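Since the structure comes first, as structure tokens, the remarks are kept for the end.
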Amino acid sequence: MPPIHDINWPLWLSTMLPMALSAGPGNLMVASSGARSGVRRSLRFILGLDVTYWLLALLVGLGLYHSLAAQPQWLWGLRVAGSLYIFWRGLRLLLRSRGLSAAPDEPLGFRDGVLLQLGNVQGLVMLLVMFSTFSPGTDAGSAVVLVLSAALIAVNLFGHLLWAGLGSSLQVLMRDRPGLLVAQNALFGLLLMAVAVWISLRGA
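Take 285 as the starting number for the sequence shown in the working numbering and just add one per residue.
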């Protein structure tokens, strides 16, 4: 088994950190949750995202992704389901901004994080790229898979907490300016709907 220290960590970090901080569906939902509920009440949602992604990283690293890739209908189904779920979440935010949704504004939970992450097929592709690019050999071994997966989740967790903190910082402004909350819901709703359409069209 190739040694773990053969991994090019500076290159890995310079590649994976921008991806973890980019405005994907997970980060947008985390920021929206932070703005509505604060960082602490967003932790269950963040854990749902990151625990699920860690398990997916292990599956991809251990080669089970190829079994999934051999069944394109499964990937297609995940992409469609994920796009619809992300679009629905965005639509709810947009309707709330227009006062058309009477649904209670409950904090996002662990299950919401799991569902959102399972529908993010592009995240699976990113995992495949990571392992094929940064594993120090064709047969990385379970230790390298564990280390790369743990490092990725640490970076993701940092990104999610940062986005939640940025969203939470808007709470003070929105307490005295309800129009900002309306604008924030509309902005995040439209962005999530656009991401859902992008995911769907990219996989077409």
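No residue lacks a Cβ here, since even glycine has one placed at the ideal position from N, Cα and C. Note that this is a predicted model, so its numbers are computed, not measured.
- Cβ contact annotation for residue 304 (same chain, cutoff 6 angstroms, sequence separation greater than five): 439, 440, 443, in chain order.
- Here residue 294 is exposed. Its C-beta has fewer than 16 other C-beta atoms within 10 Å.
- Residue 415 and residue 296 do not touch by the CB rule: their CB atoms are close to 11 angstroms apart, not below 8 angstroms.
- For residue 437, the enclosing alpha helix (DSSP H) starts and ends at 425-452.
- CA-to-CA, the gap between residue 470 and residue 376 works out to about 9 angstroms.
- DSSP, reduced to helix, strand and coil, places residue 474 within a helical segment of the structure shown.
- A direct Cα-Cα distance of roughly 12 angstroms separates residue 372 from residue 475.
- Its Cα nearest to that of residue 401, the residue 312 stands out among 435, 466, 312.
- If the five residues before and after residue 336 are omitted, its C-beta is found closer than 7 angstroms to the C-beta atoms of 397, 398, 401, 402, all from its own chain and listed in chain order.
- Around residue 411, the same chain offers 341, 344 as residues with beta carbons nearer than 6 angstroms, after the five sequence neighbours per side are excluded.
- The C-beta distance from residue 317 to residue 473 rounds to 13 angstroms, too long to meet the 8 angstroms contact threshold.
- The beta-carbon separation of residue 436 and residue 300, rounded to 6 angstroms, stays under the 8 angstroms limit for a contact.
- The residues 314, 318, 323, 326, in chain order, have a CB closer than 6 angstroms to that of residue 448 in the same chain once the five nearest residues on each side in sequence are set aside.
- Looking from the CA of residue 339, the closest CA among 363, 430, 368 belongs to 430.
- In the three-state reduction of the DSSP assignment, residue 467 falls in the helix class.
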